[in-house]
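**Student:** One structure, as structure tokens, below. Some questions next.
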């Protein structure tokens, strides 16, 4: 089930989107561009006419299913899930142990049909990324642009057309990396390469099957927290992670706009359980899809909120704050890590791109210019993105002036 957002936004409203919901002409591509997710802007009128015929309940389902599918495309795991499901159903023969006369023979056997895995994995990923991604772009960023204060975390801040194209290009390269890595991994396991994946659900006991869900989730999320913090140290940030922070107002497609080295490092780390502990493919990929699904949610720029049954899950504004303020809120699917390690955003501190390590700077340490800039940034946040529509980090000009006066005494 998807994180919540206001009913009018998800329902799509039955009336046609106002003219103001369309992007300015300068932002609309004149022809279909395979490197653009804004293709849907060219067909806004036709899409709108088709959309008003869709029942409201089905609209909600389609939108959230689209988010889920884009998350699957981003991880490049669609081919892996399909292959493991075939093995589970007995449609793929089990590889038998054998000896090899040379390294070449070993590689030929273990990577049999590799081109098929590579092409299939990447074709599916790109088709979902551009096709479903274009729909999501239209649904929120085109048809509801005029009412951004109802759904956007930073309603008055938008990526420029140049940055939109930039994130698509970078994201497409990262998608090639993730899709290819997943293809190599799936090909290896399918052809009998070593892994700790098993298919008989009772092989290690049913209790372990259930326990795998929290074990895999906690491992992946906590390790990712530290990887993320590591890439926010000065040298790694400058040479790798800064690319991802080009997008201060993230969209769902910023999530893949990561340096190829970094995205490969992360994906390899997340895949370690497949080779280190007995894991049934089902729990593992359910957690993977949950993680990437929320990756789309968290980078969407939309004020999604977690459900009551997700007390560990931050709302989308949590990671939106990370992009807006850079070195803070490093966690992804559990805010507890930031609480434990002192990197959770605080109202009495400011955060800038040149202030590393997640601690920020106290208001008393900040210069007049830094305080003014921080106040401006806070005003860009949408109170509706927070619980009870209350911006918990709001600070008044009087408080800022009081801080300045204390410094001047």
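Numbering (the UniProt record's numbering), first residue to last: 1 to 409.
Just so it is clear, CB atoms sit at the ideal spot from N, CA and C, and this is done for glycine as well.
Bear in mind the structure is a predicted one, so any value in this text is a computation, not a measurement.
(1) Can you pull the DSSP bridge partners for residue 198?
(2) Mind checking whether residue 246 and residue 299 have CB atoms under 9 Å apart?
(3) Rounded to the nearest angstrom, how far is the Cβ of residue 314 from that of residue 331, given a contact under 8 Å?
(4) Excluding the five sequence neighbours on either side, which residues of its own chain have a C-beta within less than 7 Å of the C-beta of residue 271, listed in chain order?
(5) Count the other C-beta atoms from every protein chain shown that fall within 10 angstroms of the C-beta of residue 385, then say buried if there are 16 or more, exposed otherwise.
(6) Quick check on the burial criterion: 16 or more other C-beta atoms within 10 angstroms. Buried or exposed for residue 138?
(7) With H, G and I counted as helix, E and B as strand and the rest as coil, what does DSSP make of residue 112?
(8) Check whether the Cβ atoms of residue 96 and residue 192 lie closer than 9 Å to each other.
(9) What first and last residue would you give for the alpha helix (DSSP H) that runs through residue 226?
(10) Using 10 angstroms around the beta-carbon of residue 345, count the other beta-carbons present and answer buried if the total reaches 16, otherwise exposed.
(11) Is DSSP giving residue 22 helix, strand or coil here?
(12) Who does residue 361 pair with in a DSSP beta bridge?
(13) In this structure, how does DSSP classify residue 152 when only helix, strand and coil are distinguished?
(14) Let me make sure I understand the geometry here. Which of 354, 256, 360 has the alpha-carbon closest to that of residue 178?
(15) What is the rounded straight-line gap between the Cα of residue 199 and the Cα of residue 145?
(16) In terms of alpha-carbon separation, which member of 375, 307, 380, 381 lies closest to residue 398?
(17) For the candidate residues 216, 171, 377, 293, whose alpha-carbon lies nearest to that of residue 351?
(18) Over the uninterrupted alpha helix (DSSP H) stretch that includes residue 169, give me the two end residues.
(19) With the cut-off set at 9 Å, would you say residue 250 and residue 174 are in Cβ contact?
(20) Between 304, 252, 283, 264, which has its C-alpha nearest residue 429's C-alpha?
(21) Have a look at residue 363 and residue 209 and give me their C-alpha separation to the nearest angstrom.
(22) Along the chain, where does the alpha helix (DSSP H) containing residue 369 start, and where does it finish?
(23) Where does residue 302 fall in DSSP's three states?
(24) Out of 379, 337, 336, 403, which has the shortest C-alpha to C-alpha gap to residue 366?
(25) Check this for me: beta carbons of residue 161 and residue 216, under 9 Å apart or not?
(26) Between the C-alpha atoms of residue 396 and residue 154, what's the straight-line distance to the nearest angstrom?
(27) Check residue 82 in the structure and name its three-state DSSP category.
(28) Mind checking if residue 373 is an interface residue toward chain C, Cβ cutoff 9 Å exclusive?
(29) Kindly indicate the opening and closing residues of the alpha helix (DSSP H) around residue 262.
(30) If we count the other Cβ atoms within 10 Å of its Cβ and call it buried at 16 or more, is residue 152 buried or exposed?
(31) For residue 148, which residues in the same chain have their Cβ closer than 6 Å to its Cβ, ignoring the five residues on either side in sequence?
**Tutor:** Looking at the coordinates:
(1) 280
(2) no
(3) 7 Å
(4) 185
(5) buried
(6) buried
(7) coil
(8) yes
(9) 206-230
(10) buried
(11) Residue confidence for residue 22 is low, a pLDDT of 39 falling below 50, so the modelled location carries little weight; the figure read from the coordinates is stated next. Three-state DSSP puts residue 22 in coil, outside helix and strand.
(12) 350
(13) strand
(14) 256
(15) 47 Å
(16) 375
(17) 377
(18) 161-190
(19) no
(20) The first residue shown for the chain is 1 and the last is 409, placing residue 429 beyond what the model contains.
(21) 49 Å
(22) 368-379
(23) strand
(24) 403
(25) no
(26) 18 Å
(27) helix
(28) The question asks about chain C, but that chain is absent: this structure has only one protein chain.
(29) 260-270
(30) buried
(31) 155
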